[in-house]
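With this note's numbering applied, the sequence shown corresponds to residues 712 to 1063, in that order. Here a beta-carbon is modelled for each residue, glycine too, at the ideal position from N, C-alpha and C. If you're wondering where the values come from, they're calculated on a predicted model, not measured in any experiment.
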Amino acid sequence: MIIFIEQVNLNTVIYSLVIIFIFLMFKNVITNIIIKLIKKISDKYKLKGITLIVESIEEPLKRFFTYTGIYFALSILPFIPTISLFLNRVYRACIIISVTQGLLNIISVFSYLLSEGYYSKDKKIQIPNTVFPLLFKIIKVLIIVIAVVAVAVEFNFKQLNSIIAGLGIGGAALALASQDLIKNFFGGFIVLTDKSFNIGDWIRVDSSEGTVEELGLRSTKIRTINKELVVVPNAKFTDREVINYTLRENRRASFTIGATYDTSSEKLLTVIDKIKEMLDSHPMVKEDSSLVKFDGFGASSLDIAIQYLTNTSQYGEFMDVKNDINFKIMNICEEEGMSFAFPSMSVYMEKN
(Lines of atoms letter the chains of each structure in order from A and count residues from 1; the text may use other names and numbers.)
(Lines give C-alpha, C1' and ligand atoms only; values in the text may rest on other atoms or scores of the structure.)
Protein backbone atom coordinates (compact mmCIF):
# COMPACT_ATOMS: atom_id res chain seq x y z
CA MET A 1 0.00 0.00 0.00
CA ILE A 2 2.90 2.38 0.81
CA ILE A 3 4.43 1.67 -2.61
CA PHE A 4 1.39 2.82 -4.62
CA ILE A 5 -0.19 5.51 -2.47
CA GLU A 6 1.09 8.35 -0.35
CA GLN A 7 -0.18 9.23 3.10
CA VAL A 8 -3.97 9.35 3.17
CA ASN A 9 -6.34 10.39 5.91
CA LEU A 10 -9.74 8.99 6.79
CA ASN A 11 -11.68 11.98 5.43
CA THR A 12 -10.25 11.47 1.94
CA VAL A 13 -11.30 7.83 1.98
CA ILE A 14 -14.80 8.81 3.13
CA TYR A 15 -15.05 11.44 0.36
CA SER A 16 -13.99 8.83 -2.17
CA LEU A 17 -16.64 6.37 -0.97
CA VAL A 18 -19.29 9.10 -0.97
CA ILE A 19 -18.50 9.98 -4.60
CA ILE A 20 -18.84 6.36 -5.66
CA PHE A 21 -22.10 6.04 -3.72
CA ILE A 22 -23.55 9.21 -5.30
CA PHE A 23 -22.72 8.13 -8.85
CA LEU A 24 -24.05 4.60 -8.31
CA MET A 25 -27.22 5.92 -6.67
CA PHE A 26 -28.01 8.59 -9.26
CA LYS A 27 -26.69 7.07 -12.47
CA ASN A 28 -30.13 5.61 -13.29
CA VAL A 29 -31.87 8.89 -12.47
CA ILE A 30 -29.50 10.97 -14.59
CA THR A 31 -29.68 8.49 -17.46
CA ASN A 32 -33.50 8.52 -17.42
CA ILE A 33 -33.55 12.33 -17.41
CA ILE A 34 -31.25 12.48 -20.43
CA ILE A 35 -33.25 9.84 -22.31
CA LYS A 36 -36.60 11.51 -21.55
CA LEU A 37 -35.22 14.87 -22.70
CA ILE A 38 -34.01 13.42 -26.01
CA LYS A 39 -37.35 11.61 -26.51
CA LYS A 40 -39.23 14.84 -25.84
CA ILE A 41 -37.17 16.66 -28.45
CA SER A 42 -37.67 13.82 -30.96
CA ASP A 43 -41.45 13.86 -30.40
CA LYS A 44 -41.52 17.63 -30.85
CA TYR A 45 -39.71 17.51 -34.18
CA LYS A 46 -41.30 14.17 -35.23
CA LEU A 47 -38.00 12.30 -35.54
CA LYS A 48 -39.04 8.71 -36.23
CA GLY A 49 -37.02 5.88 -34.74
CA ILE A 50 -35.19 8.11 -32.25
CA THR A 51 -36.93 6.39 -29.32
CA LEU A 52 -35.42 2.99 -30.13
CA ILE A 53 -32.02 4.54 -30.78
CA VAL A 54 -32.05 6.38 -27.45
CA GLU A 55 -33.11 3.25 -25.59
CA SER A 56 -30.21 1.35 -27.18
CA ILE A 57 -27.65 3.65 -25.53
CA GLU A 58 -29.21 3.42 -22.05
CA GLU A 59 -26.87 0.68 -20.78
CA PRO A 60 -23.66 2.21 -22.22
CA LEU A 61 -24.69 5.54 -20.68
CA LYS A 62 -25.10 3.92 -17.25
CA ARG A 63 -21.68 2.30 -17.59
CA PHE A 64 -20.22 5.71 -18.46
CA PHE A 65 -21.50 7.20 -15.18
CA THR A 66 -20.25 4.16 -13.26
CA TYR A 67 -16.73 4.45 -14.73
CA THR A 68 -16.76 8.22 -14.16
CA GLY A 69 -17.81 7.84 -10.53
CA ILE A 70 -15.08 5.28 -9.84
CA TYR A 71 -12.51 7.47 -11.60
CA PHE A 72 -13.43 10.61 -9.66
CA ALA A 73 -13.44 8.65 -6.40
CA LEU A 74 -9.97 7.25 -7.06
CA SER A 75 -8.59 10.53 -8.41
CA ILE A 76 -8.88 12.27 -5.03
CA LEU A 77 -6.74 9.60 -3.39
CA PRO A 78 -3.04 10.52 -3.20
CA PHE A 79 -1.68 7.89 -5.59
CA ILE A 80 1.87 8.20 -6.81
CA PRO A 81 2.19 9.78 -10.33
CA THR A 82 2.74 6.46 -12.09
CA ILE A 83 -0.48 4.97 -10.71
CA SER A 84 -2.42 8.20 -11.39
CA LEU A 85 -1.29 8.10 -15.01
CA PHE A 86 -2.31 4.45 -15.27
CA LEU A 87 -5.76 5.22 -13.80
CA ASN A 88 -6.24 8.02 -16.36
CA ARG A 89 -5.45 5.62 -19.17
CA VAL A 90 -7.78 2.94 -17.80
CA TYR A 91 -10.58 5.51 -17.47
CA ARG A 92 -10.16 6.74 -21.03
CA ALA A 93 -10.05 3.14 -22.28
CA CYS A 94 -13.31 2.42 -20.44
CA ILE A 95 -14.89 5.51 -22.04
CA ILE A 96 -13.75 4.30 -25.48
CA ILE A 97 -15.31 0.88 -24.79
CA SER A 98 -18.59 2.49 -23.61
CA VAL A 99 -18.76 4.71 -26.69
CA THR A 100 -18.03 1.70 -28.91
CA GLN A 101 -20.82 -0.31 -27.28
CA GLY A 102 -23.20 2.61 -27.75
CA LEU A 103 -22.30 2.99 -31.43
CA LEU A 104 -22.70 -0.75 -32.05
CA ASN A 105 -26.13 -0.66 -30.39
CA ILE A 106 -27.15 2.35 -32.52
CA ILE A 107 -25.99 0.57 -35.70
CA SER A 108 -28.04 -2.50 -34.72
CA VAL A 109 -31.15 -0.37 -34.21
CA PHE A 110 -30.62 1.39 -37.54
CA SER A 111 -30.24 -2.00 -39.19
CA TYR A 112 -33.55 -3.12 -37.70
CA LEU A 113 -35.41 0.08 -38.62
CA LEU A 114 -34.16 0.30 -42.19
CA SER A 115 -34.54 -3.41 -42.91
CA GLU A 116 -38.24 -2.99 -42.17
CA GLY A 117 -38.42 -0.80 -45.28
CA TYR A 118 -36.87 2.60 -45.79
CA TYR A 119 -38.29 5.14 -48.24
CA SER A 120 -36.96 8.44 -49.40
CA LYS A 121 -38.83 11.64 -48.58
CA ASP A 122 -40.84 11.52 -51.80
CA LYS A 123 -41.93 7.93 -50.95
CA LYS A 124 -41.17 6.84 -54.51
CA ILE A 125 -37.67 5.44 -54.39
CA GLN A 126 -37.17 2.43 -52.17
CA ILE A 127 -33.62 1.69 -51.08
CA PRO A 128 -33.00 -2.06 -51.45
CA ASN A 129 -32.96 -3.63 -48.02
CA THR A 130 -30.18 -5.98 -49.12
CA VAL A 131 -27.87 -2.99 -48.68
CA PHE A 132 -28.38 -2.76 -44.94
CA PRO A 133 -27.11 -6.11 -43.58
CA LEU A 134 -23.91 -5.90 -45.62
CA LEU A 135 -23.30 -2.21 -44.96
CA PHE A 136 -23.90 -2.42 -41.21
CA LYS A 137 -21.63 -5.46 -40.83
CA ILE A 138 -18.81 -3.47 -42.44
CA ILE A 139 -19.49 -0.41 -40.25
CA LYS A 140 -19.47 -2.53 -37.08
CA VAL A 141 -16.13 -4.10 -38.02
CA LEU A 142 -14.64 -0.65 -38.69
CA ILE A 143 -15.90 0.68 -35.34
CA ILE A 144 -14.38 -2.26 -33.45
CA VAL A 145 -11.05 -1.90 -35.28
CA ILE A 146 -10.90 1.85 -34.53
CA ALA A 147 -11.73 1.20 -30.85
CA VAL A 148 -8.99 -1.43 -30.54
CA VAL A 149 -6.45 0.91 -32.13
CA ALA A 150 -7.57 3.79 -29.88
CA VAL A 151 -7.13 1.68 -26.73
CA ALA A 152 -3.73 0.47 -27.94
CA VAL A 153 -2.63 4.07 -28.56
CA GLU A 154 -3.95 5.12 -25.14
CA PHE A 155 -1.67 2.60 -23.45
CA ASN A 156 1.24 3.65 -25.65
CA PHE A 157 1.49 0.20 -27.15
CA LYS A 158 4.86 0.49 -28.89
CA GLN A 159 4.50 -2.76 -30.76
CA LEU A 160 1.45 -1.37 -32.60
CA ASN A 161 3.48 -0.24 -35.62
CA SER A 162 5.15 -3.64 -35.91
CA ILE A 163 1.79 -5.38 -35.69
CA ILE A 164 0.27 -3.08 -38.33
CA ALA A 165 3.23 -3.74 -40.63
CA GLY A 166 2.87 -7.45 -40.01
CA LEU A 167 -0.82 -7.26 -40.72
CA GLY A 168 -0.05 -5.49 -43.99
CA ILE A 169 2.27 -8.27 -45.14
CA GLY A 170 -0.09 -10.93 -43.86
CA GLY A 171 -3.00 -9.16 -45.51
CA ALA A 172 -1.27 -9.22 -48.89
CA ALA A 173 -0.59 -12.95 -48.54
CA LEU A 174 -4.14 -13.55 -47.40
CA ALA A 175 -5.51 -11.56 -50.34
CA LEU A 176 -3.60 -13.76 -52.78
CA ALA A 177 -4.86 -16.89 -51.05
CA SER A 178 -8.47 -15.71 -50.93
CA GLN A 179 -9.08 -14.25 -54.38
CA ASP A 180 -12.42 -16.04 -54.70
CA LEU A 181 -13.58 -14.60 -51.37
CA ILE A 182 -12.63 -11.08 -52.50
CA LYS A 183 -14.41 -11.59 -55.84
CA ASN A 184 -17.54 -12.70 -53.99
CA PHE A 185 -17.27 -9.72 -51.62
CA PHE A 186 -17.08 -7.18 -54.44
CA GLY A 187 -19.70 -9.10 -56.36
CA GLY A 188 -22.07 -8.42 -53.48
CA PHE A 189 -21.33 -4.70 -53.73
CA ILE A 190 -22.01 -4.75 -57.46
CA VAL A 191 -25.37 -6.40 -56.85
CA LEU A 192 -26.26 -3.75 -54.27
CA THR A 193 -25.23 -0.77 -56.38
CA ASP A 194 -26.75 -2.19 -59.56
CA LYS A 195 -30.05 -2.88 -57.71
CA SER A 196 -30.66 -5.94 -59.88
CA PHE A 197 -32.67 -7.67 -57.15
CA ASN A 198 -33.81 -7.29 -53.56
CA ILE A 199 -34.59 -9.61 -50.66
CA GLY A 200 -37.94 -11.27 -51.38
CA ASP A 201 -37.54 -11.12 -55.20
CA TRP A 202 -37.96 -14.21 -57.34
CA ILE A 203 -34.84 -14.60 -59.48
CA ARG A 204 -33.02 -17.14 -61.63
CA VAL A 205 -29.26 -17.41 -62.06
CA ASP A 206 -27.88 -20.37 -64.02
CA SER A 207 -29.97 -23.36 -62.92
CA SER A 208 -30.93 -21.86 -59.54
CA GLU A 209 -34.35 -20.24 -59.28
CA GLY A 210 -36.25 -19.06 -56.21
CA THR A 211 -36.80 -16.32 -53.64
CA VAL A 212 -33.85 -14.29 -52.37
CA GLU A 213 -33.68 -14.80 -48.58
CA GLU A 214 -30.37 -13.20 -47.64
CA LEU A 215 -27.45 -11.35 -49.20
CA GLY A 216 -24.25 -11.92 -47.27
CA LEU A 217 -20.64 -10.83 -47.62
CA ARG A 218 -19.73 -13.95 -49.59
CA SER A 219 -22.92 -15.42 -50.97
CA THR A 220 -26.62 -14.99 -51.62
CA LYS A 221 -29.16 -17.48 -50.28
CA ILE A 222 -32.04 -18.49 -52.55
CA ARG A 223 -35.05 -20.56 -51.46
CA THR A 224 -36.33 -22.68 -54.37
CA ILE A 225 -39.94 -23.63 -55.04
CA ASN A 226 -39.13 -27.05 -53.52
CA LYS A 227 -38.02 -25.25 -50.30
CA GLU A 228 -34.38 -26.10 -50.92
CA LEU A 229 -31.83 -23.50 -49.79
CA VAL A 230 -29.30 -22.73 -52.54
CA VAL A 231 -26.18 -20.73 -51.63
CA VAL A 232 -24.91 -18.85 -54.68
CA PRO A 233 -21.45 -17.17 -54.56
CA ASN A 234 -21.81 -13.43 -55.23
CA ALA A 235 -19.15 -13.58 -57.96
CA LYS A 236 -21.66 -15.42 -60.16
CA PHE A 237 -23.88 -12.36 -60.35
CA THR A 238 -21.12 -10.36 -62.06
CA ASP A 239 -20.59 -12.69 -65.03
CA ARG A 240 -23.90 -14.55 -65.30
CA GLU A 241 -27.30 -13.65 -66.67
CA VAL A 242 -29.69 -12.89 -63.79
CA ILE A 243 -33.42 -12.89 -64.44
CA ASN A 244 -35.59 -11.04 -61.92
CA TYR A 245 -39.15 -12.26 -62.39
CA THR A 246 -40.49 -9.98 -59.65
CA LEU A 247 -39.63 -6.80 -61.56
CA ARG A 248 -41.75 -7.68 -64.57
CA GLU A 249 -45.21 -6.15 -64.75
CA ASN A 250 -46.86 -8.78 -66.95
CA ARG A 251 -46.77 -12.47 -67.80
CA ARG A 252 -47.15 -13.74 -71.34
CA ALA A 253 -49.32 -16.69 -72.33
CA SER A 254 -48.53 -18.27 -75.68
CA PHE A 255 -50.03 -21.49 -77.04
CA THR A 256 -51.62 -23.07 -80.08
CA ILE A 257 -54.98 -24.77 -80.53
CA GLY A 258 -55.81 -27.03 -83.48
CA ALA A 259 -59.06 -27.32 -85.40
CA THR A 260 -59.95 -30.41 -87.42
CA TYR A 261 -59.44 -30.26 -91.18
CA ASP A 262 -63.18 -30.48 -91.83
CA THR A 263 -63.59 -27.00 -90.30
CA SER A 264 -64.65 -24.47 -92.93
CA SER A 265 -62.67 -21.30 -93.51
CA GLU A 266 -65.70 -19.21 -92.55
CA LYS A 267 -66.12 -21.01 -89.22
CA LEU A 268 -62.38 -20.80 -88.51
CA LEU A 269 -62.41 -17.05 -89.17
CA THR A 270 -65.42 -16.59 -86.87
CA VAL A 271 -63.72 -18.47 -84.03
CA ILE A 272 -60.55 -16.39 -84.45
CA ASP A 273 -62.52 -13.12 -84.39
CA LYS A 274 -64.51 -14.12 -81.29
CA ILE A 275 -61.39 -15.23 -79.38
CA LYS A 276 -59.70 -11.96 -80.31
CA GLU A 277 -62.75 -9.96 -79.18
CA MET A 278 -62.90 -11.91 -75.89
CA LEU A 279 -59.21 -11.26 -75.14
CA ASP A 280 -59.46 -7.55 -75.97
CA SER A 281 -62.40 -7.12 -73.59
CA HIS A 282 -60.94 -9.22 -70.75
CA PRO A 283 -60.09 -7.01 -67.72
CA MET A 284 -56.94 -8.98 -66.88
CA VAL A 285 -55.45 -8.90 -70.39
CA LYS A 286 -53.18 -5.97 -71.19
CA GLU A 287 -54.57 -3.61 -73.79
CA ASP A 288 -53.37 -4.19 -77.38
CA SER A 289 -51.34 -7.23 -76.33
CA SER A 290 -53.48 -10.05 -77.73
CA LEU A 291 -52.67 -11.90 -80.91
CA VAL A 292 -54.94 -14.54 -82.51
CA LYS A 293 -53.95 -15.75 -85.99
CA PHE A 294 -54.36 -18.72 -88.30
CA ASP A 295 -50.81 -19.99 -87.89
CA GLY A 296 -50.63 -22.73 -90.49
CA PHE A 297 -51.52 -26.21 -91.66
CA GLY A 298 -50.35 -28.79 -89.15
CA ALA A 299 -49.89 -32.51 -89.66
CA SER A 300 -53.39 -33.21 -88.35
CA SER A 301 -54.88 -29.80 -87.53
CA LEU A 302 -55.48 -26.22 -88.62
CA ASP A 303 -53.35 -24.35 -86.11
CA ILE A 304 -54.49 -21.14 -84.39
CA ALA A 305 -51.74 -19.23 -82.52
CA ILE A 306 -52.89 -17.37 -79.39
CA GLN A 307 -50.75 -14.91 -77.40
CA TYR A 308 -51.54 -12.28 -74.75
CA LEU A 309 -50.09 -10.46 -71.74
CA THR A 310 -51.82 -10.52 -68.37
CA ASN A 311 -52.06 -7.51 -66.06
CA THR A 312 -50.31 -9.36 -63.27
CA SER A 313 -46.87 -10.80 -62.61
CA GLN A 314 -47.99 -13.05 -59.74
CA TYR A 315 -47.91 -16.69 -60.74
CA GLY A 316 -51.11 -17.64 -58.90
CA GLU A 317 -53.13 -14.80 -60.44
CA PHE A 318 -51.64 -15.55 -63.86
CA MET A 319 -52.84 -19.16 -63.66
CA ASP A 320 -56.33 -18.00 -62.62
CA VAL A 321 -56.51 -15.66 -65.64
CA LYS A 322 -55.23 -18.37 -67.96
CA ASN A 323 -57.75 -20.85 -66.54
CA ASP A 324 -60.62 -18.41 -67.15
CA ILE A 325 -59.52 -17.62 -70.71
CA ASN A 326 -59.04 -21.28 -71.63
CA PHE A 327 -62.61 -22.11 -70.58
CA LYS A 328 -63.94 -19.15 -72.56
CA ILE A 329 -62.02 -20.34 -75.65
CA MET A 330 -63.59 -23.79 -75.21
CA ASN A 331 -67.08 -22.22 -74.96
CA ILE A 332 -66.49 -20.21 -78.14
CA CYS A 333 -65.39 -23.31 -80.03
CA GLU A 334 -68.40 -25.30 -78.76
CA GLU A 335 -70.81 -22.50 -79.74
CA GLU A 336 -69.41 -22.42 -83.26
CA GLY A 337 -69.34 -26.21 -83.54
CA MET A 338 -65.59 -26.37 -84.10
CA SER A 339 -63.91 -29.58 -83.00
CA PHE A 340 -60.40 -29.73 -81.59
CA ALA A 341 -58.00 -31.88 -83.57
CA PHE A 342 -55.75 -34.50 -82.09
CA PRO A 343 -52.85 -36.42 -83.65
CA SER A 344 -54.27 -38.98 -86.07
CA MET A 345 -53.40 -40.94 -89.22
CA SER A 346 -55.66 -41.94 -92.09
CA VAL A 347 -55.04 -45.24 -93.90
CA TYR A 348 -56.39 -45.71 -97.44
CA MET A 349 -56.80 -49.24 -98.83
CA GLU A 350 -56.20 -49.49 -102.58
CA LYS A 351 -58.46 -51.89 -104.50
CA ASN A 352 -57.05 -53.96 -107.38
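Item                                                                                                               : Value
Within 8 Å, strictly: CB atoms of T1023 and A964                                                                   : no
Secondary structure of N720, DSSP reduced to three states                                                          : coil
Buried/exposed call for F1012, threshold 16 Cβ in 10 Å                                                             : Going by the sequence as given, residue 1012 is Ser instead of Phe. It is buried - the Cβ of S1012 has at least 16 other Cβ atoms within 10 Å.
I936 versus R929, E924, A946 and S907, residue with shortest Cα-Cα distance                                        : E924
Contact between the segment 782-800 and the segment 848-856 (3+ Cβ pairs under 8 Å)                                : no
DSSP state of I1004 mapped onto helix, strand, coil                                                                : Per the sequence shown, residue 1004 should be read as Lys rather than Ile. Reduced to three states, the DSSP call for K1004 is strand.
Terminal residues of the alpha helix (DSSP H) in which G1027 lies                                                  : Y1026 to E1046
First and last residue of the uninterrupted alpha helix (DSSP H) at Y782                                           : E769 to S786
Burial state of S992 (16 or more Cβ within 10 Å)                                                                   : exposed
Sub-8 Å separation of T666 and S919 beta-carbons                                                                   : A query on residue 666 cannot be resolved here, the shown segment of the chain reaching from 712 to 1063 and no further.
CB of F776 within 8 Å of CB of F732, strictly                                                                      : no
8 Å Cβ cutoff met for Y1019 and V982                                                                               : no
Distance between beta carbons of D1006 and T967, contact taken as under 8 Å                                        : 6 Å
Start and end residues, beta strand (DSSP E) containing L979                                                       : First-last for L979: S976 to S992, but that is the alpha helix (DSSP H), not the beta strand (DSSP E).
Endpoints, alpha helix (DSSP H) assigned at T947                                                                   : The sequence shown places Lys at residue 947, rather than the Thr named in the question. Where K947 is concerned, the enclosing alpha helix (DSSP H) stretches over K947 to D950.
Nearest to G813 (by Cα), restricted to the options A858, F790, Y782 and P789                                       : A858
Candidates N909, D1014 and V953: closest to A1052 by CA position                                                   : D1014
Test item: CB-CB of A863 and I807 under 8 Å                                                                        : no
As assigned by DSSP and simplified to three states, the class of N955                                              : strand
Cβ separation of T931 and N945, assumed to be a contact under 8 Å, to the nearest whole Å                          : 6 Å
Sequence-distant residues of its chain with Cβ nearer than 6 Å to R803 (five each side left out)                   : E865
Neighbour-count burial assignment, A1010, 16 or more Cβ in a 10 Å radius                                           : exposed
Residues bridged to Q1018 (per DSSP)                                                                               : S965 and L1002
Selection from L980, T974 and L958 that minimises the alpha carbon distance to Q1025                               : L958
Nonlocal neighbours in the same chain, by C-beta distance under 8 Å from K1070, ignoring five residues either side : Because the chain spans 712 through 1063 in this model, residue 1070 falls outside it and cannot be assessed.
Nearest neighbour of N961, chosen from V729, I725, K978 and K1033 [CA to CA]                                       : K1033
Coil, strand or helix - R929 by DSSP                                                                               : coil
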